[in-house]
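Engineer: The structure that follows is given in the form of structure tokens.
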Amino acid sequence: MPVAAMSMGALGAVSRVAPAFGTALTFAVVPDEQGEARASAPGQMPIQDVRRCLELLRA
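For the sequence shown, the positions run 2 to 60 when the working numbering is used.
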């Protein structure tokens, strides 16, 4: 059964790259029309940071 778990805050930031460890999905902040990334919860990372972390962890 697929699992999706995300934690909040600075300590939960590692859960944003949990797909590298087998979780089913993640959630990242996408910039708005003005190019600003506005998180809807503490600990959310901009999508470019999530992508880079996943690339490094999977290398």
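Cβ atoms here follow ideal geometry from the backbone N, Cα and C, with glycine treated the same way.
If you draw a straight line from the C-alpha of A19 to the C-alpha of V31, how long is it?
Structural biologist: Translated into the one-based positions of the sequence shown, residue 19 becomes position 18. Translated into the one-based positions of the sequence shown, residue 31 becomes position 30. Roughly 18 Å between the two C-alpha positions.
Engineer: Looking only at DSSP bridge pairs, what is P47 linked to?
Structural biologist: The residue labelled residue 47 in the question sits at position 46 within the sequence shown. Beta-bridge pairing links P47 to V30.
Engineer: Within 10 angstroms of its Cβ, does M46 collect 16 or more other Cβ (buried), or is it exposed?
Structural biologist: Along the sequence shown, one-based indexing puts residue 46 at 45. Classification of M46: buried, given that the 10 Å Cβ count is 16 or more.
Engineer: Taking the alpha-carbon of M2 as reference, which of M9, L12, V15, L26 has the nearest alpha-carbon?
Structural biologist: If you number the sequence shown from 1, residue 2 lands on position 1. It is L26 whose Cα lies nearest to the Cα of M2.
Engineer: Pull up the distance between the alpha-carbon of M7 and that of I48, whole angstroms please.
Structural biologist: Sequence index remark: in the sequence shown, residue 7 carries index 6 (1-based). Sequence index remark: in the sequence shown, residue 48 carries index 47 (1-based). Near 15 Å, if we compare the C-alpha coordinates of I48 and M7.
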